[in-house]
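From first to last, the protein sequence lines stand for chains A and B.
Just so you know, we're using our numbering here: the first sequence kicks off at 188 and counts up by one.
Just so you know, we're using our numbering here: the second sequence kicks off at 188 and counts up by one.
By construction, the Cβ of each residue, glycine as well, lies at the ideal position given by its N, Cα and C atoms.
All of these numbers come straight from a predicted model, not from anything done at the bench.
Worksheet: one structure, shown below.
2 protein chains.
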Amino acid sequence: MHIGVLGTGTVGRTLAQALVDRGHEVRMGSRAAGNEKAVAWAGQAGPLASEGSFADAAAFGDLSINATAGAASLEALESVGAELLAGKVLIDVANPLQFSEGGPPTLSVCNDDSLGESIQRAFPEARVVKALNTMTAAVMVQPDLVPGAHTVFICGDAMDAKAQVTGLLEEFGWPRAAILDLGDITAARGMEMYLPLWLRIWGATGTAVLNIELRVAE
Amino acid sequence: MHIGVLGTGTVGRTLAQALVDRGHEVRMGSRAAGNEKAVAWAGQAGPLASEGSFADAAAFGDLSINATAGAASLEALESVGAELLAGKVLIDVANPLQFSEGGPPTLSVCNDDSLGESIQRAFPEARVVKALNTMTAAVMVQPDLVPGAHTVFICGDAMDAKAQVTGLLEEFGWPRAAILDLGDITAARGMEMYLPLWLRIWGATGTAVLNIELRVAE
Numbered sequence: 188m189h190i191g192v193l194g195t196g197t198v199g200r201t202l203a204q205a206l207v208d209r210g211h212e213v214r215m216g217s218r219a220a221g222n223e224k225a226v227a228w229a230g231q232a233g234p235l236a237s238e239g240s241f242a243d244a245a246a247f248g249d250l251s252i253n254a255t256a257g258a259a260s261l262e263a264l265e266s267v268g269a270e271l272l273a274g275k276v277l278i279d280v281a282n283p284l285q286f287s288e289g290g291p292p293t294l295s296v297c298n299d300d301s302l303g304e305s306i307q308r309a310f311p312e313a314r315v316v317k318a319l320n321t322m323t324a325a326v327m328v329q330p331d332l333v334p335g336a337h338t339v340f341i342c343g344d345a346m347d348a349k350a351q352v353t354g355l356l357e358e359f360g361w362p363r364a365a366i367l368d369l370g371d372i373t374a375a376r377g378m379e380m381y382l383p384l385w386l387r388i389w390g391a392t393g394t395a396v397l398n399i400e401l402r403v404a405e
Numbered sequence: 188m189h190i191g192v193l194g195t196g197t198v199g200r201t202l203a204q205a206l207v208d209r210g211h212e213v214r215m216g217s218r219a220a221g222n223e224k225a226v227a228w229a230g231q232a233g234p235l236a237s238e239g240s241f242a243d244a245a246a247f248g249d250l251s252i253n254a255t256a257g258a259a260s261l262e263a264l265e266s267v268g269a270e271l272l273a274g275k276v277l278i279d280v281a282n283p284l285q286f287s288e289g290g291p292p293t294l295s296v297c298n299d300d301s302l303g304e305s306i307q308r309a310f311p312e313a314r315v316v317k318a319l320n321t322m323t324a325a326v327m328v329q330p331d332l333v334p335g336a337h338t339v340f341i342c343g344d345a346m347d348a349k350a351q352v353t354g355l356l357e358e359f360g361w362p363r364a365a366i367l368d369l370g371d372i373t374a375a376r377g378m379e380m381y382l383p384l385w386l387r388i389w390g391a392t393g394t395a396v397l398n399i400e401l402r403v404a405e
């Protein structure tokens, strides 16, 4: 598949590499073509990898992944424009974290809204699926870094888009039984509001290589 | 131990009964002594059970549990007054859920504050421990309703208070290894902000008898 990965940070590079490793053609997008990190990544990732602007990446992709910093995601997607996103699956893995002096990070949107919903509202013709935002990048693409079974959540309004994302998650090594569909895109609220708990668990355990397993009464 | 349970809802009654069952003397508190549900509970729960106002319950307890509705918790505790809470452990199991017409419940406080912190600020001499708010009442006191290992979080500023709460959790059947101390009371933000995710998991799985197990890389 042709996949656009928007964002050149750890999450973007980790996802882009994992996709190339599985045979997908990936274009990494950033604010402007020629971004140093994107060029470096594409240079070492082989012939399936390329880089360009956010719009270049989204135009290239049959599916795109928003791996930009949550606070910058809407601006990045606006630079792509609605037309290039229309009808395509857009996986939103970002968290709207904002970092302030002194205190712990907070969310720039939460409670009665979410980044996932904001993106879906801004681009109503994109088929937005929230996924993978509840863990560190390495675990997203290599779930067996965390011992035992554990859970990845997805949500979105389009069932066929969620089916496509489920397929990608399986390529990353997620067993079908570990993938829980939480329903429509409003579930992005819960998935993003989990972040403050995740950050405290990281603090308490001393590692970000963690996840939660959902356990339900029979 | 003498324990005051503030609140007559499902959570309060479940906790009160579990404590009586383990030999504690419990006074259930409500807005005014003689509350119908509290009288009914105390009447069937035997000689270790009694009921009264919120202040009666807190005065009775060497330790108290806030099991009131989150939106009403500060008012309930104000009716108790700082003096009766000073120096005592106060376990806050409430969630600041507010229910609106049409939409999903939201939190009345979150992101840069929490109910747990609000209570600790309002009653600085109480030793507030947030615990058990991340699951349904039945699971709080009978963790084996959920199969396998799963996690209960606690947080608070006073280590000795958390040790005491850990002991109570063990009485309820929580193995020591399942109890994760997330640090000071500001971790109540994460514990409370998990609720929207928990509600969506309930919706997706069809049962509230669920919990999460924390899995961490070795």
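Short of 7 Å Cβ to Cβ, which residues in the region 293-310 of chain B face chain E? Among the chains of the structure shown, chain E does not appear; the protein chains present are A and B.
Could you name the residues of the region 351-378 of chain A whose beta carbon sits closer than 8 Å to any beta carbon of chain B, in the order they occur along the chain? Of all residues in the region 351-378 of chain A, Leu-367, Asp-368, Leu-369, Gly-370, Thr-373, Ala-374, Arg-376, Gly-377, Met-378 have a Cβ within less than 8 Å of some Cβ in chain B.
Could one say the Cβ of B:Gly-289 lies closer than 9 Å to chain A's Cβ atoms, at least one of them? No, no contact with chain A.
For a cutoff of 9 Å on Cβ pairs, would you count B:Phe-340 as touching chain A? Chain A, which has a Cβ nearer than 9 Å to the Cβ of B:Phe-340, makes this yes.
Segment limits, alpha helix (DSSP H) that includes A:Arg-200: In the DSSP annotation of this structure, the continuous segment of the alpha helix (DSSP H) that includes A:Arg-200 starts and ends at 197-208.
Simplified DSSP assignment, three categories, for A:Lys-317: Of the three classes helix, strand and coil, the one that applies to A:Lys-317 here is strand, per DSSP.
B:Glu-270, DSSP secondary structure in three states: Helix, per DSSP.
Please tell me whether A:Met-380 has its Cβ less than 9 Å away from any Cβ of chain B. Yes, A:Met-380 lies at the interface with chain B (some Cβ there is under 9 Å from its Cβ).
Threshold first: 3 residues or longer. Then list the beta strand (DSSP E) segments lying entirely within the region 284-333 of chain B, N to C. Entirely contained in the region 284-333 of chain B, the beta strand (DSSP E) runs reaching 3 residues are, in chain order, 314-318.
Could you compute how far the alpha carbon of A:Glu-379 sits from the alpha carbon of B:Ala-263? Going by the C-alpha atoms only, they are around 31 Å apart.
Does DSSP classify B:Leu-369 as helix, strand or coil? DSSP, read as helix, strand or coil, puts B:Leu-369 in coil.
Alpha carbon to alpha carbon, how far is B:Val-192 from B:Arg-214? Give it in angstroms, no decimals. Cα to Cα, B:Arg-214 sits roughly 6 Å from B:Val-192.
B:Leu-386 - containing alpha helix (DSSP H), residue span: Taken as a continuous stretch (DSSP letters only), the alpha helix (DSSP H) holding B:Leu-386 covers 382-392.
Under the three-state DSSP convention, the category B:Ala-225 falls into: Note: B:Ala-225 maps to helix in three-state DSSP.
Taking 9 Å as the threshold (C-beta atoms), are B:Asn-282 and A:Leu-294 in contact? No.
Which of the three DSSP states is assigned to B:Phe-359 in this structure? Reduced to three states, the DSSP call for B:Phe-359 is coil.
Taking 8 Å as the threshold, find out whether the region 369-385 of chain B comes into contact with the region 334-342 of chain B through three or more Cβ pairs. Contact holds: three or more Cβ-Cβ distances are below 8 Å.
Which residues in the same chain have their Cβ closer than 6 Å to the Cβ of A:Ile-190, if we skip the five residues on either side of it in sequence? For A:Ile-190, where only same-chain residues beyond five positions count, the Cβ hits under 6 Å are Leu-206, His-211, Val-213, Gly-248, Leu-250.
What residue ranges within the region 229-256 of chain A form continuous beta strand (DSSP E) runs of no fewer than 3 residues, ordered along the chain? Taking only runs of at least 3 residues, the beta strand (DSSP E) segments lying wholly in the region 229-256 of chain A are 236-240, 250-253.
Presumed contact (8 Å Cβ cut-off) between B:Ala-348 and B:Val-316, rounded CB distance: Right, their Cβ atoms sit about 5 Å apart.
Quick one: Cα of B:Leu-277 to Cα of B:Glu-312, how far? Here the alpha carbons of B:Glu-312 and B:Leu-277 stand approximately 10 Å from one another.
Going by alpha carbons, who is nearest to A:Asn-222 out of A:Leu-386, A:Glu-405, A:Gly-196? Among A:Leu-386, A:Glu-405, A:Gly-196, the Cα nearest to that of A:Asn-222 belongs to A:Gly-196.
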